[in-house]
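Residue numbering for the sequence shown follows my numbering, beginning at 2 and increasing consecutively. Where is the CB? At the ideal position from N, CA and C, for every residue including glycine. Read through the structure below, which is laid out as structure tokens, and then see the notes.
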Amino acid sequence: MSRVGLAHLGLFAVLLVCMVFDPRQVAGFNVWLKPAKFALSISVYLLTMAWLMGEIQRARRAAALLAGVIIATMILEQTLITMQAARGTTSHYNNATPFDSAVFSLMGLGVAANSAAALGVFLLFMAERRPVVTAYIMGIRLGLLIFLLGSVQGFVMIAHGGHTVGAADGGPGMPLVGWSSVAGDLRVAHFIGIHALQVLPILGLIIDRWSADPRLRVGAALLAAAAYLGVGLAAFDSAVRGRSWA
Numbered sequence: 002m003s004r005v006g007l008a009h010l011g012l013f014a015v016l017l018v019c020m021v022f023d024p025r026q027v028a029g030f031n032v033w034l035k036p037a038k039f040a041l042s043i044s045v046y047l048l049t050m051a052w053l054m055g056e057i058q059r060a061r062r063a064a065a066l067l068a069g070v071i072i073a074t075m076i077l078e079q080t081l082i083t084m085q086a087a088r089g090t091t092s093h094y095n096n097a098t099p100f101d102s103a104v105f106s107l108m109g110l111g112v113a114a115n116s117a118a119a120l121g122v123f124l125l126f127m128a129e130r131r132p133v134v135t136a137y138i139m140g141i142r143l144g145l146l147i148f149l150l151g152s153v154q155g156f157v158m159i160a161h162g163g164h165t166v167g168a169a170d171g172g173p174g175m176p177l178v179g180w181s182s183v184a185g186d187l188r189v190a191h192f193i194g195i196h197a198l199q200v201l202p203i204l205g206l207i208i209d210r211w212s213a214d215p216r217l218r219v220g221a222a223l224l225a226a227a228a229y230l231g232v233g234l235a236a237f238d239s240a241v242r243g244r245s246w247a
């Protein structure tokens with residue numbers, strides 16, 4: 002999983018070079034921007050999951066099987082997104098031709114399989130019995146749970162037929178992330194949700210260093226997760242009301 006994550010980081014660098022030499026645009030952005038962003042995101046995701054799954058002490062065979070599913074779905078996702086970029090068209094919500102529809106549907110199946118595997122990882126962590134539950138372990142469990150909630154945002158966007166609420170996709174966007182600056186954007190809550198996977202375990206490590214009281218550690222981890230979830234819910238509420246975070 003770590004090796005595939007690092008390979009995606011290398012692919013990110015290659016796609017940045019493609020952006021320099023290929024000026025084509027799709028929906029107002031360089032054609033290689035989306036696959037580059039996904040390569041970086043997938044790299045972070047795979048490296049994070051490799052780190053977290055290393056903490057599973059039991060059910061190592063089940064963990065290895067779930068890791069294989071996650072790797073396969075992420076390779077599939079990146080391949081399809083990059084292929085569509087090379088063709089000069091969009092990958093998401095693209096039903097222009099039967100082929101494009103099939104590609105988008107296959108991507109949806111891959112995301113669903115990845116979410117199911119991530120749920121399996123969450124259940125493995127919940128099933129583990131430890132003599133002392135640290136804020137770090139709580140951060141992993143809660144981070145996976147909020148990650149799964151953030152993943153649901155992907156299916157909300159599919160049902161909506163796009164990520165922008167109150168305007169068409171591809172309009173004016175915020176620097177770097179491209180989130181709509183004139184309307185609601187479901188990608189904000191999605192971004193916050195999936196990155197709980199990194200934020201909450203790291204906060205757990207900090208809390209463990211800050212306090213030696215197990216009950217205080219767990220309480221602080223729960224409070225941090227609740228606050229983080231609140232920010233994500235506020236972003237979702239803002240998006241469905243058609244309000245930009247810009």
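For A117 and A40, the gap between their C-alpha atoms comes out near 21 Å. The DSSP-derived three-state label of T80 is helix. For G140, the three-state secondary structure derived from DSSP is helix. In the structure shown, G194 falls within a helical segment according to DSSP collapsed to helix, strand and coil. If you ignore the 5 residues before and after A227, its C-beta comes within less than 6 Å of no other C-beta in its own chain.
For N115, the enclosing alpha helix (DSSP H) begins and ends at P99 to A128.
Under the three-state reduction of DSSP, D170 is assigned to coil, being neither helix nor strand. Per DSSP, the beta bridge partners of D186 are T165. If you draw a 10 Å sphere on the C-beta of W211, you find fewer than 16 other C-beta atoms in it, and that means exposed.
Between the beta-carbon of R130 and that of I138 there is about 11 Å, and that puts the pair past the 8 Å contact cut. Between P202 and G144, the C-beta gap is smaller than 8 Å, which places the two residues in contact. With distances taken between CA atoms, G231 lies nearest to I147 out of I147, V32 and A119. In chain order, G109 place their CB closer than 7 Å to the CB of I159, counting only its own chain and leaving out the 5 sequence neighbours on each side.
In the displayed model, S44 falls within a helix according to three-state DSSP. The C-alpha of S152 lies about 30 Å from the C-alpha of R25.
Judged by their CB atoms, A136 and V219 are nearer to each other than the 8 Å cut-off. Excluding its 5 nearest sequence neighbours in each direction, L10 has C-beta neighbours in its own chain below 6 Å: S44, listed in chain order. At the C-beta level, S3 and L48 come within 8 Å of one another.
Around the beta carbon of N96, a 10 Å sphere encloses fewer than 16 other beta carbons of the protein chains shown; the residue is thus reported as exposed. Contact annotation: R242 and G185 have beta-carbon atoms nearer than 8 Å. For the pair of segments examined, the segment 5-19 was found to touch the segment 72-81: the number of CB pairs separated by less than 8 Å reaches three.
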